[in-house]
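Residue numbers (UniProt numbering), protein chains in the order written: chain A, 1 to 146; chain B, 1 to 146.
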DNA sequence: CCCGATACCTTGCGCGGCAAGGTATTACAC
DNA sequence: GTGTAATACCTTGCCGCGCAAGGTATCGGG
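#1: Run through chain B and tell me which residues come within less than 7 Å of residue 102 of chain A, C-beta to C-beta.
#2: Measuring CA to CA, which of A:49, A:50 and A:36 is closest to residue 93 of chain A?
#3: Could you give the C-beta distance for residue 56 of chain B and residue 41 of chain B, rounded to a whole number, given that I count them as a contact under 8 Å?
#4: Taking 8 Å as the threshold (beta carbon to beta carbon), is residue 120 of chain B in contact with chain A?
#5: Under three-state DSSP, which class holds residue 46 of chain A?
#6: Please compile the residues from chain B whose C-beta is within a distance smaller than 8 Å of the C-beta of residue 25 of chain A.
#7: Could you tell me which chain B residues have their CB closer than 8 Å to the CB of residue 29 of chain A, listed as they occur along the chain?
#8: Could you check which residue in A:82, A:51 and A:121 has the C-alpha nearest to that of residue 30 of chain A?
#9: By Cβ distance below 6 Å, which residues in the same chain neighbour residue 71 of chain A in space, the five residues on each side in sequence not counted?
#10: Consider the Cβ of residue 11 of chain B: report whether some Cβ of chain A lies at a distance smaller than 8 Å.
#11: Counting only Cβ-Cβ distances shorter than 8 Å, please list the residues of the segment 53–81 of chain A near chain B, keeping chain order.
#12: When we look at the beta-carbon of residue 148 of chain A and count the other beta-carbons within 10 Å, is it buried (16 or more) or exposed?
#13: Can a CB atom of chain A be found closer than 8 Å to the CB of residue 18 of chain B?
#14: Counting only the same chain and skipping the five closest in sequence on each side, list residues whose C-beta sits under 7 Å from that of residue 38 of chain B.
#15: If you draw a straight line from the alpha carbon of residue 18 of chain B to that of residue 32 of chain B, how long is it in whole angstroms?
#16: With a Cβ-Cβ cutoff of 8 Å, do residue 25 of chain B and residue 104 of chain A count as a contact?
#17: My assumption, with CB atoms under 8 Å, is that residue 60 of chain B sits in contact with residue 48 of chain B. Please give the rounded CB distance.
#18: Compare the C-beta of residue 43 of chain A with all C-beta atoms of chain B and state if any pair is closer than 8 Å.
#19: With distances taken Cα to Cα, identify the nearest neighbour of residue 22 of chain A among A:54, A:11 and A:10.
#20: Please name the residue, chosen from B:28, B:15 and B:88, that lies closest to residue 66 of chain B on a Cα-to-Cα basis.
#21: If we count the other Cβ atoms within 10 Å of its Cβ and call it buried at 16 or more, is residue 80 of chain A buried or exposed?
#22: Nearest to residue 11 of chain B by CA position, among A:96, A:89, A:119 and A:108, is which residue?
#23: Could you check if residue 74 of chain B is buried or exposed, using at least 16 other CB atoms within 10 Å of its CB as the buried criterion?
The following block contains the structure:
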């Protein structure tokens, strides 16, 4: 038994995958939630954790810097609100500028999803590619190559 | 007239958005194309440019390092092939390991798409949230805040 | 003979996600 | 009253992908 007990190399690979795929979608998810009503940061964490079936889960170290970025660029606005408590909550609302930005994000996202689906559909068809006359002389081996 | 003539700030914002959203999908697209038949690098550039309606367009500086990474991790295998030409082409084939990896990627991608769609659907409904009894006393202003 | 397309490659920067670590409050149990 | 978990906010530093920019060589057509 060696010291490095990394028996499951696939799990961290999945984590890396998920992290890369999630890139950019966090912004879309947060702004979408805020487009309905105002929320405070910690509330967003819970909403995203429970709504997206875990696929949209956001970590604190991701969310708070993101909110600050969105505030700096004027897409959302923050306001501290003490509802009778000593520790106030920081509520965020979408500005009209942010609403326009959200529109762009939605367009880009659906474009990507459509493009991806179209690619997979195209691959599904047994499409005949112009092989410039001289078809495959070497009879391409489609077998596995492990 | 100041020196920086950056009159269109939106276009480069879109570029940034698209770049962040595309994160990870390039790998999925490339492996999907290779799952049908072998391709050489430059060919992949053209296929992705023409198939995905521009949404999946990949730059050379992205593709070649990606192919090398995929080869190093054993998901694809390369072979130089001179078909009667002085400058041979580098063909890539999917290994069985890569096919399994592609399966994982597909699952993650569809999970993300489903999660996103579910989030948007949920927001569409006028869902009643438990406001802990004391409903909004301040009549939350849903108006814009620019 | 030149020029654009083909076909491969690299270096360096920017930026978002996150692990890890920090502080203070609230609430509930015991 | 005391402990402990959840709430609620925050920051620093690393990692890794996408890409602009730049480089080399071949091929085909005018």
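Just so you know, even glycine gets a beta-carbon here, dropped at the ideal spot from N, CA and C. Computed from a prediction, not measured in an experiment: that's the story for all the values here.
Answer, in terms of the structure:
#1: Numbered from its first residue, the first chain carries residue 102 of chain A at position 102. Listed along chain B, no residue sits closer than 7 Å to residue 102 of chain A by beta-carbon distance, the nearest being about 11 Å off.
#2: Along the first chain, one-based indexing puts residue 93 of chain A at 93. If we check each option's Cα against that of residue 93 of chain A, A:36 comes out closest.
#3: Translated into the one-based positions of the second chain, residue 56 of chain B becomes position 56. Translated into the one-based positions of the second chain, residue 41 of chain B becomes position 41. Actually they are not in contact, since the Cβ atoms of residue 56 of chain B and residue 41 of chain B sit about 16 Å apart, beyond 8 Å.
#4: As a first step, residue 120 of chain B must be located in the second chain, where it is residue number 120. So, interface residue.
#5: Along the first chain, read from residue 1 onward, the residue named residue 46 of chain A stands at position 46. Residue state, collapsed to three classes: helix.
#6: As a first step, residue 25 of chain A is located in the first chain; it is residue number 25 there, counting from the start. Result: 21, 112 and 116.
#7: Here the question's residue 29 of chain A lines up with position 29 in the first chain. The CB of residue 29 of chain A comes closer than 8 Å to the CB of 116 and 119 in chain B, given here in chain order.
#8: Translated into positions along the first chain, residue 30 of chain A becomes position 30. Nearest C-alpha to residue 30 of chain A among A:82, A:51 and A:121: A:51.
#9: Locating residue 71 of chain A in the first chain gives position 71, where the first residue counts as 1. Setting aside the 5 residues that flank it on each side, residue 71 of chain A is surrounded in the same chain by 78, each with a C-beta closer than 6 Å to its C-beta; the list follows chain order.
#10: What you label residue 11 of chain B is simply residue 11 of the second chain in a count that begins at 1. Residue-level contact by beta carbon fails for residue 11 of chain B and chain A, as no gap is shorter than 8 Å.
#11: Residues passing the 8 Å Cβ filter: 53, 54, 55, 56 and 77.
#12: Outside the modelled stretch of chain A, which goes from 1 to 146, sits residue 148 of chain A, for which no answer is possible.
#13: In the second chain, the residue the question calls residue 18 of chain B occupies position 18. Interface residue, yes.
#14: Position 38 of the second chain, counting from 1, holds the residue named residue 38 of chain B. Hits under 7 Å: 91, 92 and 93.
#15: Numbered from 1 along the second chain, position 18 holds the residue referred to as residue 18 of chain B. Numbered from 1 along the second chain, position 32 holds the residue referred to as residue 32 of chain B. One C-alpha to the other measures close to 20 Å.
#16: Taking the second chain and counting its residues from 1, one reaches residue 25 of chain B at position 25. Taking the first chain and counting its residues from 1, one reaches residue 104 of chain A at position 104. No, the pair does not count as a contact, with Cβ atoms beyond the cut-off.
#17: On the second chain, residue 60 of chain B is found 60 positions in, with the first residue counted as 1. On the second chain, residue 48 of chain B is found 48 positions in, with the first residue counted as 1. Going by Cβ atoms, the distance from residue 60 of chain B to residue 48 of chain B rounds to 12 Å, so no, they are not a contact pair.
#18: Here residue 43 of chain A is taken as the residue at index 43 of the first chain, counted from 1. No, its Cβ sits nowhere closer than 8 Å to a Cβ of chain B.
#19: Against the first chain, residue 22 of chain A aligns to sequence position 22. Nearest C-alpha to residue 22 of chain A: A:54.
#20: Within the second chain, the letter at position 66 stands for residue 66 of chain B. Ranking the options by Cα distance to residue 66 of chain B, first place goes to B:28.
#21: Counted from its first residue, the first chain places residue 80 of chain A at position 80. Exposed is the call here.
#22: As a first step, residue 11 of chain B is located in the second chain; it is residue number 11 there, counting from the start. Comparing Cα positions, the closest option is A:108.
#23: Within the second chain, residue 74 of chain B is the residue found at index 74, counting from 1. Taking all protein chains in view, the Cβ of residue 74 of chain B is surrounded by fewer than 16 other Cβ atoms within 10 Å, so the residue is classified as exposed.
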